[in-house]
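Chemist: Structure below; questions to follow.
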Amino acid sequence: MSHNLLKGKKGIIFGALDDKSIAWKTAQRCVEQGAEIVLTNAPVALRMGTIKQLAEECNNAPVIPADVTSNEDIENLFDQTLAHFGGGVDFILHSVGMSINVRKGIHYTENNYDFTHKAFDISAISLHRVLATAMKKDAINEWGSVVALTYIAAQRVFPDYNDMADAKALLESIARNFGYQYGVRKKVRVNTISQSPTQTTAGSGVKGFGDFISYADKMSPLGNATADQCADYTVTLFSDLTKMVTMQNLFHDGGFSFTGVSEAVIGGIGEE
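Numbering of the sequence shown is given in the working numbering, commencing with residue 1 and proceeding in unit increments.
In structure tokens, the structure reads:
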């Protein structure tokens, strides 16, 4: 249902790969709520995914390739976006993450540090790069909103989440620190959403991810939040209804983050 929460707003969606991804759902929801968008992802992701289909659904939104580890690519992305819209954007979704250690099944205690640095650069430092470039080019309008997607492994131990947990912790720190700087400079707010484990193409690469999802669903009084529900929540943070919310890590997980133990989990202990 459209309430035109984003009518007249313009934004950039990073990370839409296929119709399982939260970024894909968010792009659709933003357009449904009246926004115009630009889609972007790494060149290799654009070749692997089906983003052109999404672009057509989203009123033929431009698709601009950008490697988030490249200053030149990010600058080009903003230059093309500003030219397309004839001005700045009102919102940005950062839905980007990748760990070679996870993909290769390398145990956390044996991490390849070159791979770890790559994970940090793609999954976290990229947010700093995007915001620094946006600030330099004055690319985000006053009272704009930036949201980055994270996971509770940034605060708690999930052994098989590996170096992505460290990357998410860094991502959340960057969001807080840049949230202060951009807030003082131009009233731009920056938040992270800590989403329930979600069956996306990227998430499925984590060892035992299906068990993560099942456990979280049993622990959460409301059950796991879906990708569609996360998209809805993200839209509210892009809207003018949340203009005073910034520098926050917002849990969107059905109550998992504040549940010590649930009856469903206790009931399963000792079962054959």
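Cβ coordinates follow ideal geometry from the N, Cα and C atoms, glycine included.
Values in this document were obtained by computation on a predicted structure and should not be read as measured data.
Rounding to the nearest angstrom, what Cα-Cα distance links GLU72 and ALA148 in this structure?
Modeler: The residue given as residue 72 occupies position 72 in the sequence shown. The residue given as residue 148 occupies position 148 in the sequence shown. Their backbone Cα atoms lie some 21 Å apart in a straight line.
Chemist: Who are the near neighbours of ALA231 in its chain, counting only those whose CB is closer than 6 Å to its CB and skipping five residues on each side?
Modeler: Your numbering for residue 231 matches position 231 in the sequence shown. Excluding residues within five positions, the ones whose Cβ falls inside 6 Å are LYS25, THR26, ARG29.
Chemist: Leaving out five residues on either side along the sequence, give the residues of the same chain with a beta carbon under 6 Å from the beta carbon of THR198.
Modeler: Along the sequence shown, read from residue 1 onward, the residue named residue 198 stands at position 198. Cβ within range, chain order: ALA227.
Chemist: Can you tell me which of the three DSSP states GLN33 falls into?
Modeler: Looking up residue 33 in the sequence shown gives position 33. Coil.
Chemist: Kindly list the residues whose CB is nearer than 6 Å to the CB of VAL96, restricted to its own chain and excluding five residues on each side of it in sequence; keep chain order.
Modeler: One-based indexing of the sequence shown puts residue 96 at position 96. Cβ neighbours of VAL96 beyond the five flanking positions: PHE14, GLY15, VAL68, SER126.
Chemist: Put ASP90 into one of helix, strand or coil per three-state DSSP.
Modeler: Translated into positions along the sequence shown, residue 90 becomes position 90. Looking at ASP90 - three-state DSSP - the assignment turns out to be strand.
Chemist: Please report whether the beta-carbon of SER145 lies at a distance below 8 Å from any beta-carbon of chain C.
Modeler: The structure shown contains no chain C; it holds only a single protein chain.
Chemist: Using the C-alpha atoms, what's the distance from MET48 back to PHE256?
Modeler: As a first step, residue 256 must be located in the sequence shown, where it is residue number 256. As a first step, residue 48 must be located in the sequence shown, where it is residue number 48. One C-alpha to the other measures close to 33 Å.
Chemist: In the DSSP assignment, find the alpha helix (DSSP H) that holds ARG47 and state where it starts and stops.
Modeler: Position 47 of the sequence shown, counting from 1, holds the residue named residue 47. Taken as a continuous stretch (DSSP letters only), the alpha helix (DSSP H) holding ARG47 covers 43 to 48.
Chemist: What are the uninterrupted segments assigned as alpha helix (DSSP H) that are 4 or more residues long and contained completely in the region 176 to 255, given in chain order?
Modeler: You should have 209 to 219, 227 to 238.
Chemist: Would you report the Cα separation of TYR151 and LYS168, rounded to the nearest angstrom?
Modeler: Residue numbering aside, residue 151 sits at position 151 when the sequence shown is read from its first letter. Residue numbering aside, residue 168 sits at position 168 when the sequence shown is read from its first letter. Going from the Cα of TYR151 to the Cα of LYS168 covers about 7 Å.
Chemist: In this structure, how does DSSP classify ALA66 when only helix, strand and coil are distinguished?
Modeler: As a position in the sequence shown, residue 66 is number 66, starting the count at 1. Looking at ALA66 - three-state DSSP - the assignment turns out to be coil, as it is neither helix nor strand.
Chemist: Quick one: is LEU17 buried, meaning 16 or more other Cβ sit within 10 Å of its Cβ, or exposed?
Modeler: Here residue 17 refers to the residue found at position 17 of the sequence shown. Counting Cβ neighbours within 10 Å, LEU17 comes out buried, since at least 16 surround it.
Chemist: Measure the Cβ-Cβ separation of ALA225 and SER262 and say whether it is below 8 Å.
Modeler: Taking the first residue of the sequence shown as position 1, residue 225 is located at position 225. Taking the first residue of the sequence shown as position 1, residue 262 is located at position 262. Contact flag unset, no.
Chemist: Closest to ALA55 by CA distance: which of GLY223, ASN112, ASP19 is it?
Modeler: If you number the sequence shown from 1, residue 55 lands on position 55. That would be ASP19, whose Cα lies nearest to the Cα of ALA55.
Chemist: Candidates ASN249, PHE238, VAL265: which alpha carbon is nearest ASP211's?
Modeler: Counting from 1 along the sequence shown, the entry for residue 211 is found at position 211. Of the listed residues, the one whose Cα sits closest to ASP211 is VAL265.
Chemist: Measure from the alpha carbon of ASN141 to the alpha carbon of each residue in LYS10, ARG103, ASP160, ARG176, then state which is nearest.
Modeler: For this step, residue 141 is matched to residue 141 along the sequence shown. Of the candidates LYS10, ARG103, ASP160, ARG176, the one whose C-alpha sits nearest the C-alpha of ASN141 is LYS10.
Chemist: Which of the three DSSP states is assigned to GLY270 in this structure?
Modeler: Reading the sequence shown from its first residue, position 270 is the one you call residue 270. Here the model assigns GLY270 a pLDDT of 48, short of 50, so the residue's position is not dependable and the matter cannot be decided.
Chemist: Report the rounded CA-to-CA distance for GLY223 versus HIS252, giving the unit in angstroms.
Modeler: The count along the sequence shown starts at 1 and reaches residue 223 at position 223. The count along the sequence shown starts at 1 and reaches residue 252 at position 252. Their backbone Cα atoms lie some 11 Å apart in a straight line.
Chemist: Determine the direct distance from the alpha carbon of GLY87 to that of GLN181, and round the result to whole angstroms.
Modeler: To locate residue 181, count along the sequence shown from 1; it is residue 181. To locate residue 87, count along the sequence shown from 1; it is residue 87. Cα to Cα, the separation comes out at about 22 Å.
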